[in-house]
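*Asks:* FYI, the numbering for the sequence shown is 124 to 1010, going by the numbering used here. Where is the CB? At the ideal position from N, CA and C, for every residue including glycine. Encoded as C-alpha cells, here's the structure I'll be asking about.
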Amino acid sequence: MPTKKTTPAKTKSQAATANVVVVESPAKAKTINKYLGGDYTVLASFGHVRDLPPRNGSVDPNNNFSMLWEADERGIKQVNAIAKALKSASTLYLATDPDREGEAISWHVRAMLEEKNHLKEVDVKRVTFNEITKNAIKTAMAHPRDLDQPLIDAYLARRALDYLVGFTLSPVLWRKLPGSRSAGRVQSVALRLICEREAEIESFTPREYWTVTAQLLNRDNAPFSARLTHLNGKKLDQFDLNTEQKATEAKKSIENVSLQVLSVEKKKTHRNPPAPFTTSTLQQEASRKLGMSAQTTMRTAQQLYEGITLGGETTGLITYMRTDGVQMAGEAIEAIRTHIEKEIGKAYLPAKPRLYSSRSKNAQEAHEAIRPTEIKRLPTEIEPFLTAEQFRLYELIWKRALASQMQSAELDQVVVELGDRQNKTTLRANGSTLAFDGYLKLYREGQDDPTESDKDDENSRLLPPLQQGDITKTEDIKTEQHFTQPPPRFSEASLVKKMEEIGIGRPSTYASILTVLRDRNYVRLEQKRFVPEDRGRLVTAFLMAFFKRYVDIQFTANLEEELDDISGSRADWHDVMQAFWTDFSYAIDQTKDLKISDVIDTLDQTLGHHFFPPTADGHDPRQCLACHTGRLGLKLSRHGAFIGCSNYPECQYTRKLAIETNNGEDADTLKEGYQLLGYDPTSNEEITLRRGPYGIYIQKGETDPNDKKKKPKRATLPKGTTAETVTLDQALGLLSLPRIIGPHPETKEPIEAGLGRFGPYVKMGSIFASLDKDEDVLSIGLNRAVDVLAKKLSTIRVLGLHPDDGEQVIARKGRFGPYVQHGKTVANMQRTQALEDVTLEEALVLLNEKGKPLLKKTAQKGRKKATTTAESKNEPKKSKKIQKNDN
C-alpha cells in the first residue's frame, strides 16, 4: 500500500499571510493594511525602485533602444522586503498609483522580483483604486487585472525620449554655450513660451485712446452713466479718439444735446458652473485663489489623497490628484445631488445630473476628476484635523465638486441705447442683475486676468428704470485717457493653462517643469509672474537658432500625441523612438563643426535689441562707455556670457549681462571698482559707491586690516535711486538708518524708519509696517508713519506686558490663522477665535503650553542643509549593480 504524501506544516510566521500588497508610500500602506486585515501584508516601494543611471549609455539607440536600469540601496532594500514577505504568500497585488508612473513602478517591482526568481508559484495581479476608502479598496481587490503593457510602453518611450534629449543636447549646450545648465524636451518649450512673451512685452508700443462718458439722470433723477459709441452717425472704433483734442471735440458735440432713450433691450442669460477639478485646473485655481505654487498644491493634494487621521482612523479625503478626466462616478454625483437638495435647497438642483467631457488636447478619460471621497465630510467639520494648507485646498476641491452639479446662475442683462433726435450721437449704458445666484451661491471661479474682474464690475452695474422715449438730463461729461497694455507675463496658473491648451507635457509633469526652470536659474518669479533670466534667454535663442524643430510647439505637441497613441495600442514605441532619433541625432551631428564665434554672432544678433535697447537721447547703445570708440557686444567665456568691448585687449571694459535702461540704472560708472562721494563730516571717513555681487551699495570707511571680521557700515540703494543720482547727503542719511521719526501721539513709543531686505519700513516696538517701495525713507514724516502703523495695528492687538520680562504680548492675524506672540515665541490660537476675545491670561497659557520659536527662513535652510549633510554621511552609496532590459 503506497504511503500518503504529506505536506510539511507551515510555521506560524509562514501562515501569517497569504497575500502581499505593494503600494507607493508608507502612509498609504498603513491605511490600506487596516482596511484589508490580517490576511494581507502591505508594503511600500517608496516610489520608483530603480531608474536610468544619469550617465551616457543608459539608453542604446543602436540596440533597439534597450535600457540599463539601476536600483539604489533603498530600492534594493524595499524589493528584498517584498521578496521576504512573498516566501509565505500565494498572491502579489501591485497596487501602485492608477497612472502611467504607477504602472511603471509596478512593472519595475515585478521585473526585479522575476530576475531573482522570487515569483515562482506566486500569482501577480494589478489593482488600482481612485480613492483610499474602505469600499474603494475592497472593490479594487475583488477586480484585479494584468499589467497594462501599452501604458508601460508609453512610459518607456517617454523616459527614453527625455533621457536622450537631456543627455545628448545638454553636452552641446555646455560646449557651445558655456554657463548654461541643461535642456529638456518639454522644459525647453515652456522656457520658450516665457521668453517669447517677454520679447512681446519689450517690443510692445502702447497706443493712446480716449473714451467719453456721460453722467446722466433718468426721469426720477436717478443717476447712471453711458459711454459714447457713435459720433456724427459713425460708429467709433477703439482708436478713433486717439488724442485729447479729438476727445474734447467729441465731448463738446454732446454737451448741449438733449439725449433720449432710443431702445431698451433686456435678455436673460445663464452662466453654467465649471467642471470639477483636473490636475491642471486645480493648480491654476489654487494659484489664483490660494496663492499656492504648483509644487505646494500637488504636495498638499497628495497628503489629502493618502489620508488624514479622523476619529483614530486614517481616511483618504480626495480622489487621485493626477488626472485630466472631468467625469465623476455615478454614486458620487448622486451623493452630491442629495446634499444639494437637502442642505442648499431644491431650487439649486438641476433636473438632470451634469455630465462633463474634457476639452484639453490629449486628455485621457481613464480617471475621475478630483473630488471629495465623501461629500458629507464638510470642510468645517474636519478643519481641526488639517493643516492650514490642507484645509484651504480641501475646501476648494469640495466647493468646486459641489458647485459642478448645481443649477446655473441666471442674469438679467440690460442694454440701453441713448441718442439725439438726428441719430448723429449715440451712447450706450450696460447693466445686469443677478436674478438667481445658482452655483455662484457657493463658488465663483477665480480670474487669472485682472481685466476680467473689471469687465464683471461694469456689467454688474444696476441701471435705474428706463423706457424708450424717456428724456434724460446730462449732469457731467468726462473724457478719460487710456493706453493699450502689453500681454501679461505668465503666472504659474496661466502657463499651466497654456501648456495644457497646446498639448505639451502631462498633468503630473507641470509642477516639476516649473520647478526645474527656476532651479536652473532660467527664470525667476516677480509678483507671481515668470520673468526670464538672461541665461534662459540665451539658451532659448541658441535652441531656436540651431535646434528650432525640437523647441517647436507643434512638434512637441505632436510627439505627445504619438506617446498617447502608444498607450492606446495605436503605435509601437520602438517605431516612434526610431523616427525621432534619426532626425534628432542628425541635428546633433550638424553642430560638431559649429564655432563659438558663430554662436556669438547669432546670439548677439538675436538678443541685441534686448541687451542694447534704444536710448532716450538717441546715442548708440552699443558705444563702449570706457574707450568710446569700441562697439559693445555679446562675448562668451568658460564661465558664461558677458558684455565686452570690440577693442579688446586694448580696452578691457566688461559688464555682466543686464539690460542697460534709459535712466542708466545699470550703467557701469564705477570705473575703478568704487566711486568717491565725499567724506563723513564727523569721522572724516570716505563715503564710497561700490558694486557688489547683488548690485550697487554705499560704504563708509574701509575694512580694518587688523580685524577683518569687523565690517564697515554699508547701505543698499533704495528703489528709484541710481549710481548717477545718489548724493553725499543721501548716502549719509542711508548709512544712518534706522532713524527716529518721533513719538507716537497716543502711546508715546518712539517710531523709527529703516530700509530692510524687503524695502522701506516703519517700526514701533515689535510692530513693523512696510512702506510703499518708492517712498523716501529719509523724509517720511510722523503723520504718514502713524497712518501706516494704524493699518498694521488693525490686524494686531497688544494684550499687555509679560510678567517675566515686561515685553509686549500681542495677538495678530497670520497667513494661517490668528496667533499670540511674545518676543520670538509664538503660539497658534483657535482659528475661529477673534483677536478681541483673547485675554493676556489666555495668551500666557498658550505661550507656555504651545509656544515655539519663530524661526527665520535662513535659519531653517541652514538647519535643513546641516541635517541633509549629516544624513548623507550615513546614507549608503548607490548600488553599482546594473540590470539590462531589452523590452
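What's the call for Ile470, buried or exposed, on a 16-neighbour Cβ count within 10 Å?
*Replies:* One point to set straight first is that residue 470 is Ala, not Ile, in the sequence displayed. So Ala470 ends up on the exposed side.
*Asks:* Which one of Cys318, Met622, Ser410 and Tyr428 has the shortest CA to CA distance from Ile255?
*Replies:* Ile255 has its Cα closest to that of Tyr428, out of Cys318, Met622, Ser410 and Tyr428.
*Asks:* Could you tell me the distance, in whole angstroms, from the CA atom of Ala337 to the CA atom of Val619?
*Replies:* Approximately 42 angstroms, taken between the alpha carbons.
*Asks:* Output yes or no for whether 7 angstroms exceeds the beta carbon distance between Arg350 and Arg551.
*Replies:* Contact flag set, yes.
*Asks:* I need the DSSP call for Tyr566, collapsed to helix, strand or coil.
*Replies:* In the structure shown, Tyr566 sits in coil (DSSP, three-state: anything other than H, G, I, E or B).
*Asks:* Just to confirm my understanding: we take Asp269, look at its own chain, exclude 5 residues before and 5 after, and list those with CB closer than 7 angstroms. What are they?
*Replies:* The answer, listed in chain order, is Arg249.
*Asks:* Starting from Lys391, follow its DSSP beta bridges and name the residues at the other end.
*Replies:* Beta-bridge pairing links Lys391 to Asp535.
*Asks:* If we count the other Cβ atoms within 10 Å of its Cβ and call it buried at 16 or more, is Ser527 buried or exposed?
*Replies:* Flag for Ser527 reads buried.
*Asks:* Which residues mark the beginning and the end of the beta strand (DSSP E) in which Thr336 is found?
*Replies:* Its beta strand (DSSP E) spans residues Glu331 to Leu340.
*Asks:* Within its chain, find whatever has a CB closer than 6 angstroms to the CB of Asn546; leave out the 5 residues flanking it on each side and keep chain order.
*Replies:* Same-chain partners within the cutoff: there are none.
*Asks:* Around the C-beta of Lys886, are 16 or more other C-beta atoms found within 10 angstroms, so that it is buried, or is it exposed?
*Replies:* Burial call: buried.
*Asks:* Span of the alpha helix (DSSP H) holding Arg460?
*Replies:* Arg460 -> alpha helix (DSSP H) spans Gly453 to His462.
*Asks:* Are the CB atoms of Leu314 and Thr663 nearer to each other than 7 angstroms?
*Replies:* Against a cut-off of 7 angstroms, the Cβ pair of Thr663 and Leu314 comes out as a contact.
*Asks:* Let me know if Lys1004 comes out buried or exposed under the rule of 16 or more other beta-carbons within 10 Å of its beta-carbon.
*Replies:* Summary for Lys1004: the model assigns pLDDT 39, below 50, so the residue's position carries little reliability; its value from the coordinates is reported in the next sentence. Flag for Lys1004 reads exposed.
*Asks:* Assign Gln608 to one of three DSSP states: helix, strand, or coil.
*Replies:* Looking at Gln608 - three-state DSSP - the assignment turns out to be coil, as it is neither helix nor strand.
*Asks:* With distances taken Cα to Cα, identify the nearest neighbour of Ser403 among Val387, Asp363 and Met444.
*Replies:* The residue with the shortest Cα to Cα distance from Ser403 is Met444.
*Asks:* Contact check, Leu534 vs Leu557 under 8 angstroms by CB: the rounded distance?
*Replies:* The Cβ separation is near 6 angstroms, so the contact holds.
*Asks:* For the region 938 to 976, which segments carrying the alpha helix (DSSP H) assignment without a break, of at least 4 residues, lie completely within its bounds, in sequence order?
*Replies:* Counting only runs of 4 or more, we get 963 to 973.
*Asks:* Are the CB atoms of Cys774 and Gly801 within a distance shorter than 7 angstroms?
*Replies:* Cβ atoms of Gly801 and Cys774: not closer than 7 angstroms.
*Asks:* What's the C-alpha gap between Phe665 and Val232?
*Replies:* Distance between the alpha carbons of Phe665 and Val232 is about 41 angstroms.
*Asks:* Can you tell me whether Tyr771 is helix, strand or coil according to DSSP?
*Replies:* Three-state DSSP puts Tyr771 in coil, outside helix and strand.
*Asks:* Please confirm whether Ala277 and Ser692 have their CB atoms less than 7 angstroms apart.
*Replies:* Cβ distance not < 7 angstroms, so Ala277 and Ser692 don't count as in contact.
*Asks:* Straight-line CA distance for Asn807 to Leu851?
*Replies:* The straight-line gap from Cα to Cα measures roughly 13 angstroms.
*Asks:* State the CB to CB distance for the pair Val143 and Ala152, rounded to an integer number of angstroms; the pair is presumed to be in contact (CB under 8 angstroms).
*Replies:* In fact, because the Cβ distance is near 11 angstroms, the residues do not count as touching under 8 angstroms.
*Asks:* Note down, in chain order, each residue of its chain lying with its Cβ closer than 7 angstroms to the Cβ of Thr725, except the 5 sequence neighbours on either side.
*Replies:* Same-chain partners within the cutoff: Ala668.
*Asks:* How big is the Cα-Cα spacing for Ile594 and Leu385?
*Replies:* About 10 angstroms.
*Asks:* Given that a residue counts as buried once 16 or more other Cβ atoms are within 10 Å of its Cβ, and exposed if not, what is Phe707?
*Replies:* Phe707 is buried by the Cβ-count criterion.
*Asks:* So, using beta-carbon positions, are Val722 and Lys299 closer together than 7 angstroms?
*Replies:* Against a cut-off of 7 angstroms, the Cβ pair of Lys299 and Val722 comes out as a contact.
*Asks:* For Lys823, which three-state DSSP category applies?
*Replies:* The answer is strand: DSSP assigns Lys823 an E or B state.
*Asks:* Between Ile441 and Pro397, is the Cβ-Cβ spacing less than 7 angstroms?
*Replies:* No, Cβ-Cβ distance for Ile441 and Pro397 is not below 7 angstroms.
*Asks:* Taking the straight line between their C-alpha atoms, what separation do you get for Lys833 and Thr826?
*Replies:* Whole-angstrom Cα-Cα distance: 7 angstroms.
*Asks:* Candidates Asp560, Gly741, Thr777 and His742: which alpha carbon is nearest Arg394's?
*Replies:* It is Asp560 whose Cα lies nearest to the Cα of Arg394.
*Asks:* Tell me whether Leu589 sits in a helix, a strand or coil according to DSSP, three-state version.
*Replies:* Leu589: coil per DSSP, three-state reduction.
*Asks:* Using C-beta distances below 7 angstroms, list every residue in its chain close to Asn951, excluding the 5 sequence neighbours before and after it, in chain order.
*Replies:* If we look at Asn951 and ignore the five residues flanking it on each side, its Cβ neighbours are Gly940, Tyr942 and Lys973.
*Asks:* Kindly indicate the opening and closing residues of the alpha helix (DSSP H) around Asn258.
*Replies:* Segment Lys257 to Ala265, the alpha helix (DSSP H) holding Asn258.
*Asks:* Going by the CB atoms, is the gap between Gln407 and Thr638 shorter than 7 angstroms?
*Replies:* Not a contact, by the Cβ cut-off of 7 angstroms.
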